[in-house]
Structures are given as C-alpha cells and as structure tokens.
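Going line by line, the protein sequences match chains A and B.
Residues 1 to 368, numbered by UniProt numbering, are exactly what the first sequence covers, in order.
Residues 1 to 266, numbered by UniProt numbering, are exactly what the second sequence covers, in order.
By construction, the Cβ of each residue, glycine as well, lies at the ideal position given by its N, Cα and C atoms.
Predicted model, so just to flag it, every value in this text is computed and none were measured.
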Amino acid sequence: MLSQLSPGKARRSASSQLSPGRARRSAAHVTRLTAGRLAVALAVLLVVAVGSVLLGATDLGWQRVLAEVAAQLTGGTSPLSEREAAILWELRVPRVLLGGLVGAALAASGAAFQGVFRNPLADPYLLGAAAGAGMAATLVVALVPSAQDWVVGPLPLAAFAGALSGVALTWLLGRSAGRGTATLLLAGVAVAAFLTAIQTFVQQLHADTLRQVYTWMLGGLSTTGWQEVWLVLPYLALASVVLCGCARLLDVLALGDAEAVSVGVRPARVRLAVLAAASLATAAAVSVSGLIGFVGIVVPHLVRLLAGASYRVVLPLSLIGGAAFLIAADVLARTAFAPAELPIGVVTAFAGAPFFVLVLRTSRRGPE
Amino acid sequence: MTSIELRGVSAGYRDRWVVDQVSVAVPPGSWLAVIGPNGAGKSTLLKAVAGLARHTGEVLLDGRRADQLGVRERARLIGYAPQVPELPDGLTVTDYVLLGRTPHLGPLARESAADLDVVADVLARLDLSALAGRPLRTLSGGERQRAVLARVLAQQAGLLLLDEPTTGLDIGHAQALLELIDTLRLADGTTVVSTLHDLTLAGQYADQLVLVDAGRVVASGPPAQVLTADLVGRHYAAQVTVLSAPDGSPAVTPVRAARPAQQPRT
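If you want it as structure tokens, here you go:
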C-alpha cells in the first residue's frame with residue numbers, strides 16, 4: 001500500500017486542510033470509557049450485587065427484602081423478623097459491599113501493576129505486599145495472645161502495615177540498585193523471600209497458630225458488620241482517583257521509558273504515584289480479606305479482551321468488574337457447601353480460571 | 001522550523017562514552033543524515049540530542065540550550081523515533097498516534113477536539129486513515145513504521161530525530177517512507193536528523209551527511225563530498241565503488257575483488 005503512495009499524492013494530502021469532520025471521525029477510533037460501556041458494567045455489578053444480597057443460607061425471599069427496603073425508606077412496617085433484618089443489614093449488605101470494595105481494589109491494583117511493569121502477569125502482590133501482610137499477620141496471631149478488647153482487631157492493622165512495609169522495603173531496595181523496573185521486580189522477589197522466611201520461622205515456633213494463619217491467608221470476607229467497609233473505603237476512594245487520573249500516563253509508559261521521556265513524561269514519577277496508590281488499595285484489601293488471588297490478573301485481562309487495551313478503559317472497568325467478580329465469587333463461597341464456607345481464594349481460582357480460558361479462546365478466534 | 005547545533009557534544013552511558021566531541025550545525029528545514037559503521041555512536045548521538053543519553057557539551061535548539069528546557073518543553077520541540085520502537089500491541093492506531101499529543105496536554109488532561117484534528121490529519125497524510133481503528137498488532141512492517149512516524153508527527157515538533165526509520169523495510173517501502181518524510185519536511189519546514197544504513201538512500205534524501213567513526217566525526221558536508229570510495233572504504237572497512245546515479249547523486253555499490261574460481265563438480 002505504501003509503495004503506491006506517489007510523491008504527488010503524498011504532497012497533495014500533506015497540504016490538505018483540517019476539516020471539522022476530522023475530529024469526529026478520529027474520535028470514533030479512540031478507546032474511551034463510553035456511557036454505554038459504563039452503563040453495561042454498572043448494570044452487571046448491580047445484578048450481581050442484588051443477587052448476592054438475596055442469596056444465602058437463610059432464604060429471605062426477594063419480595064420480602066424489597067418490602068423491607070421500602071419500609072426502611074418510607075418508615076413503614078417491615079415483613080422481616082428482627083433476626084432476618086439483622087441478617088440482611090448487618091451481615092449480607094456489608095459483606096456484599098466489602099466484597100465489591102476488595103474486588104475493585106485488587107483488580108484495579110492488578111491493572112496498575114501490569115501497566116507499570118508492562119507485564120501481563122504482574123499482580124498486586126508482586127512487590128512484597130502479600131509477604132509483608134502474611135508475616136505481620138503471623139506475628140500478631142502468634143505473639144498477641146488475646147485482642148478481644150481492641151476497637152479494630154490487631155490482625156487487619158498489622159496486615160495493612162505489613163503490606164505497606166513490604167512494598168516500601170522493595171521500593172527502597174530497588175531504588176538503591178537502579179532505576180529500572182527489572183531491579184524493582186528482583187527486589188520484590190528478595191523481599192518476599194526474606195519476609196516469608198521470617199513468617200515460616202515464627203510459625204515453626206508456634207505450631208498451634210498454623211491453622212489460624214492459613215485460614216486468614218486463604219482469604220475470606222467474613223465480616224463483623226460495617227467496620228471493615230469503612231476501613232477500606234477511604235483508601236480505595238483515594239487510590240481510584242489517583243489510578244484513573246494516571247490512566248493516560250500508563251498508556252504512555254507502554255511506549256517504554258525512552259519514548260515516554262521523548263513525549264514529555266517522566267516515567268519514574270508516574271511509576272511512584274501509581275505504585276503508591278495501588279499498594280495502598282492492596283494493603284487495605286489484604287487487611288480485611290486476607291490474600292485473595294487471581295482477581296488482580298483475571299479481571300484486567302477480561303476487560304482488555306472485551307473493551308480494549310487502553311488504561312483509560314482498563315482501570316475504571318477493572319474497578320467495576322473486580323467488584324462484580326468478587327461479589328459473585330463470594331456467593332459461590334457462601335452457598336456451594338452451605339452452611340460451610342469455602343475460602344474465597346479457592347473460588348476465585350477454581351471458577352475464574354476456566355472462565356478466563358473460555359473468554360480467551362472465544363476472543364482470539366475472531367479475525368485478527 | 002527548528003535549527004539545531006551541537007558544540008563539542010560527547011555522549012554515552014554509565015560506564016562508557018561512545019560519542020566524542022561532535023560539533024555540527026543543521027539549518028532549519030534541512031535534512032542531516034548521520035552515517036557510519038555499526039557501533040560508531042550514531043544512535044547514541046541522536047539519543048543525546050533527544051535528552052535520553054548522558055552527554056556533555058552544548059545542544060542548541062534555535063539557539064537555546066536544550067538541557068535548560070523541561071522534559072515537556074523539549075518534547076514540543078523534538079520528535080524522536082527510536083530504531084526499535086515499542087508498540088503497545090493492544091492499542092488502536094488512533095490511540096497510539098494520540099499519545100504523540102502528550103507534550104501538548106496538562107499532566108492529567110484529556111485530548112481536545114483540536115488534538116483529535118491533528119491526529120486525523122496526520123493519519124490522512126500518512127495514508128493510515130483506513131487503519132485508524134485497527135490494533136497495532138495487526139499491522140504489517142511498513143504500516144507499523146508509518147504508525148510510528150505518525151505518532152512522532154502528532155507531536156508537531158520542529159525537529160524530527162529518526163533512528164534508522166527504514167529498519168526492516170524492503171527497498172520499495174524504504175523509498176516510499178523516505179519520500180514521505182521528505183514531502184512532509186518540505187511542506188512543514190521541519191528539520192530532520194536521521195541515521196541511515198543505506199548510503200545511497202542517505203545521499204539521495206539528505207542535504208548534508210556526517211560520517212561518524214568510533215564516536216568522532218571523520219567527514220561532513222554534501223553527499224558527493226562524503227560518499228567517496230576512499231572515505232566509505234576506509235571507515236566501513238568495505239570494498240566499494242561510487243557510481244553516479246541518473247539524478248547525479250552518488251550511488252555506493254559494493255565490489256567483490258574476485259570470485260574464487262569455480263571447481264568443476266565431480
């Protein structure tokens with residue numbers, strides 16, 4: 001095609017004038033978060049969330065739940081017993097919200113990590129967040145005998161601090177060795193190995209804590225009401241604003257550092273802002289839900305396959321998709337073997353992996 | 001339209017200096033081709049001008065010292081295409097070319113209709129409009145090179161630094177791409193500094209050549225002055241002869257001293 005481009009033709013088009021229709025035509029090919037896409041994503045999230053509130057070991061009945069919600073709004077009388085109302089408002093609703101927040105945090109952080117490291121396999125735990133949280137949680141379980149009288153349990157606080165410390169340690173270590181992302185990844189490997197070694201050592205000394213630590217690490221959304229929701233919300237809100245604000249810059253980072261600089265972007269600054277925000281969200285999620293795997297990888301990839309690779313759609317849709325994904329996984333975890341509960345990390349991998357393969361196959365089958 | 005002048009520029013990386021005391025002036029709107037054997041420091045010289053490699057000496061853009069410009073300001077003056085550009089495969093051609101508007105946007109701003117106009121215009125000029133919505137991974141080699149050029153042109157910089165823009169292209173595609181660059185240069189008055197492997201093409205498109213060997217400028221001037229059998233033979237360690245193409249430009253042709261006598265097959 002190029003060889004047919006005669007100098008005369010090139011010269012004519014080179015001097016062509018701008019026309020008002022141009023912008024509209026090229027806007028059609030820009031990957032953007034359109035109102036339609038946003039509406040579809042939010043509709044999916046709403047359906048999943050409402051379904052999750054209605055489903056559970058106790059069947060509340062959707063008409064009665066609807067009547068209860070109406071009663072709450074209008075001040076009328078509720079058809080639910082006091083116990084049923086408590087199940088709805090103190091267990092189900094906060095749990096669904098927490099699942100949404102944690103899922104959103106993990107998926108968006110995963111997308112952000114993949115953008116920073118330009119690696120599709122990057123996940124939010126890559127820089128020592130998981131190992132830091134795991135070590136801190138183990139220390140608390142083993143060394144803080146009883147914490148009944150704490151306002152906020154020591155486990156979430158320790159996990160939060162541990163996750164952030166792990167990432168900070170990785171960052172400092174990586175920076176001292178060089179500026180590239182490869183050094184940062186290697187530093188993450190070193191820090192994770194070191195912290196996991198401490199964790200294993202403490203577990204050996206306190207074998208009685210093994211079960212509790214592992215239960216925590218497998219992840220779960222067993223809540224004690226609304227407290228966890230309020231714990232996670234501010235961090236996720238802050239991280240969402242920063243990450244979505246940096247979405248375009250993450251697209252620029254995909255050009256590689258040299259080309260990013262050549263279009264006027266300082267890659268190191270973008271990386272620092274994005275990793276800090278994503279790590280904050282990850283730490284908040286880990287602190288209330290343990291280590292839930294797979295969400296941070298599978299959801300951003302599903303979004304890429306369905307909506308395009310620009311971070312301007314990947315980040316916001318990962319927030320919404322991650323929320324829907326984890327809420328759905330939690331329904332399975334709660335109901336598959338009710339009244340027993342599966343660890344949610346098991347569900348995300350068990351249900352998520354085949355689903356992911358299915359989407360991968362169908363989307364790649366079409367003409368390239 | 002941007003003029004560029006290098007005064008005693010040495011450049012390199014953390015552990016080694018590759019370019020040694022290069023001084024050259026490029027008038028606005030002209031094309032300078034940097035030629036030289038592999039490892040001579042051509043790419044490093046371009047990187048130094050783009051602010052991507054450590055360097056000493058002065059790089060002057062329209063008489064202003066480049067190292068005193070901020071990253072974004074520099075990006076509005078200089079468009080740079082590396083030898084092996086990284087193309088984010090999943091992005092569409094339009095998304096990719098739109099990234100070239102980055103130096104004209106605030107850090108968190110989104111593109112205006114004017115930015116989209118620039119992109120649409122660049123795509124039309126490079127005959128890429130039909131591919132505007134295609135993911136980069138579906139493009140052929142020649143289309144990819146044009147997409148990279150489009151991304152750089154969307155920066156609307158007065159100076160283009162093109163590191164081996166014809167890498168991987170066959171002679172027809174290489175010719176068409178260089179023709180396109182020259183057309184755009186003449187239409188916009190853009191200054192072009194490129195490295196080129198093909199000496200004959202370099203002589204046909206550039207106004208001025210700089211021959212670099214081991215980091216130093218060993219010859220510079222109009223193509224006929226630099227592309228001599230003696231200079232090319234010496235610095236490339238090559239056997240060449242220089243013919244005169246029908247348009248009068250020098251055509252560098254390899255010469256094989258003698259073909260070994262063929263042994264009759266038994």
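Contacts of residue i in chain A (Cβ-Cβ under 7 Å)
i: Y80(B); result: S262
i: A50(B); result: S262
Buried or exposed (CB count within 10 angstroms, at least 16 for buried), residue i
i: P250(B); result: buried
i: R16(B); result: exposed
i: P367(A); result: Only weak support is given to the placement of P367(A): the predicted model assigns it a pLDDT of 40, under 50, and the question is left unresolved by the model.
i: R211(A); result: exposed
i: R365(A); result: Caution applies to R365(A), whose pLDDT of 49 falls short of 50 and renders its modelled position unreliable; the model cannot decide the point.
i: A257(B); result: exposed
i: F201(A); result: exposed
i: I171(B); result: exposed
i: L18(A); result: Bear in mind that the predicted position of L18(A) carries a pLDDT of just 45, short of 50, making it unreliable; the figure below should be weighed with that in mind. It counts as exposed.
i: P264(B); result: exposed
i: Y214(A); result: exposed
i: G264(A); result: buried
i: Q239(B); result: exposed
i: A10(A); result: For A10(A), the pLDDT reaches just 41, beneath the cut-off of 50, and the residue's location in the model is therefore unreliable, although a value from the coordinates is still provided. A10(A) is buried by the Cβ-count criterion.
i: F294(A); result: buried
i: P222(B); result: exposed
i: P254(B); result: exposed
i: L259(B); result: Per the sequence shown, residue 259(B) should be read as Arg rather than Leu. So R259(B) ends up on the exposed side.
i: L177(B); result: buried
i: F355(A); result: exposed
i: M217(A); result: buried
i: Q208(B); result: buried
Contacts that residue i makes with chain A (C-beta to C-beta distance below 8 Å)
i: T2(B); result: The contacting residues do not exist; T2(B) stays about 15 Å from chain A at best.
Proximal chain B residues relative to residue i, where beta-carbon distance stays under 8 Å
i: A254(A); result: E86, P88, L91
i: R266(A); result: V71
i: D251(A); result: P88, L91, D95, L99
DSSP beta-bridge partners of residue i
i: G221(B); result: L209(B)
i: W31(B); result: V192(B)
i: S10(B); result: T56(B)
i: A25(B); result: E5(B)
i: P135(B); result: T92(B)
i: R216(B); result: D213(B)
i: L243(B); result: A251(B)
i: I78(B); result: L159(B)
i: V19(B); result: A11(B)
i: R65(B); result: L60(B)
Partners in chain B for residue i, counting only beta-carbon separations shorter than 9 Å
i: V30(A); result: T92, T94, D95, L98, E111, L116, V119
Closer than 9 Å at the beta carbon, the chain A residues around residue i
i: A75(B); result: V261, S262, V263, G264, V265
i: G203(B); result: None at all; the shortest Cβ gap to chain A is about 18 Å.
i: G133(B); result: A28, H29
Under 7 Å from the C-beta of residue i: neighbouring residues of chain B
i: A258(A); result: L52, P82
Residue i CB to nearest heavy atom of the ligand NAD below 7 Å
i: G141(B); result: Annotation note on the ligand NAD: not contained in the displayed structure, which lists no ligands.
Does the segment 92–102 of chain B come close enough to the segment 285–293 of chain A to have 3 or more Cβ pairs within less than 8 Å?
Per the Cβ contact rule, the segment 92–102 of chain B is not in contact with the segment 285–293 of chain A (fewer than 3 Cβ pairs under 8 Å).
Please identify, using Cβ separations under 9 Å, the residues of the segment 81–98 of chain B that lie next to chain A, in order along the chain.
For the segment 81–98 of chain B, which is checked against every Cβ of chain A, the residues closer than 9 Å are A81, P82, P85, E86, L87, P88, D89, G90, L91, T92, V93, T94, D95, Y96, V97, L98.
Taking 8 Å as the cut-off, does the segment 273–282 of chain A touch the segment 236–253 of chain A (at least 3 CB pairs, one atom from each stretch)?
In short, these stretches touch, since the Cβ pair count reaches three.
At a Cβ cut of 7 Å, what residues of the segment 229–247 of chain A count as close to chain B, listed as they run along the chain?
Going along the segment 229–247 of chain A in chain order, one finds G245 with a Cβ nearer than 7 Å to chain B.
Contact set between the segment 155–174 of chain B and chain A, restricted to residues whose Cβ is under 8 Å from the partner
The segment 155–174 of chain B vs chain A, Cβ under 8 Å: Q155, G172, H173.
Counting Cβ pairs, one atom from each stretch, are 3 or more of them under 8 Å apart for the segment 60–80 of chain A and the segment 347–364 of chain A?
No, the segment 60–80 of chain A does not touch the segment 347–364 of chain A.
Contact set between the segment 287–309 of chain A and chain B, restricted to residues whose Cβ is under 8 Å from the partner
Interface annotation for the segment 287–309 of chain A against chain B: R304, G308, A309, criterion Cβ-Cβ distance under 8 Å.
So, do the segment 11–28 of chain B and the segment 40–54 of chain B have three or more beta carbon pairs nearer to each other than 8 Å?
Taking a cut-off of 8 Å on C-beta distances, the segment 11–28 of chain B touches the segment 40–54 of chain B, as three or more cross pairs fall below it.
Determine which residues of the segment 103–121 of chain B have a Cβ less than 9 Å from any Cβ of chain A, and write them out in chain order.
Taking 9 Å as the upper bound on Cβ-Cβ separation, chain A lies near residues P103, H104, L105, P107, L108, A109, R110, E111, S112, A113, A114, D115, L116, D117, V118, V119, A120, D121 of the segment 103–121 of chain B.
Residues from the segment 171–197 of chain B in contact with chain A, defined by Cβ distance under 9 Å
Listed by position along the chain: G172, H173, Q175, A176, L177, E179, L180, D182, T183, L184, L186, A187, D188.
With three or more C-beta pairs closer than 8 Å as the rule, is the segment 153–166 of chain A touching the segment 106–118 of chain A?
No: fewer than three Cβ pairs fall under 8 Å.
Pair every Cβ in the segment 35–42 of chain A with every Cβ in the segment 311–326 of chain A, then say whether three or more of these pairs are closer than 8 Å.
Touching, yes.
Interface residues of the segment 189–220 of chain A facing chain B [CB-CB below 8 Å]:
Interface annotation for the segment 189–220 of chain A against chain B: empty, criterion Cβ-Cβ distance under 8 Å.
Are the segment 227–247 of chain B and the segment 57–70 of chain B in contact at 8 Å, needing three or more beta carbon pairs?
As far as the Cβ criterion goes, the segment 227–247 of chain B does not touch the segment 57–70 of chain B, which means the pair count is below three.
Any 3 or more C-beta pairs closer than 8 Å across the segment 82–102 of chain A and the segment 243–260 of chain A:
Touching, no, given that fewer than three Cβ pairs across the two stretches are closer than 8 Å.
Quick check: the segment 127–136 of chain B against the segment 98–109 of chain B, are at least 3 beta-carbon pairs closer than 8 Å?
Touching, no.
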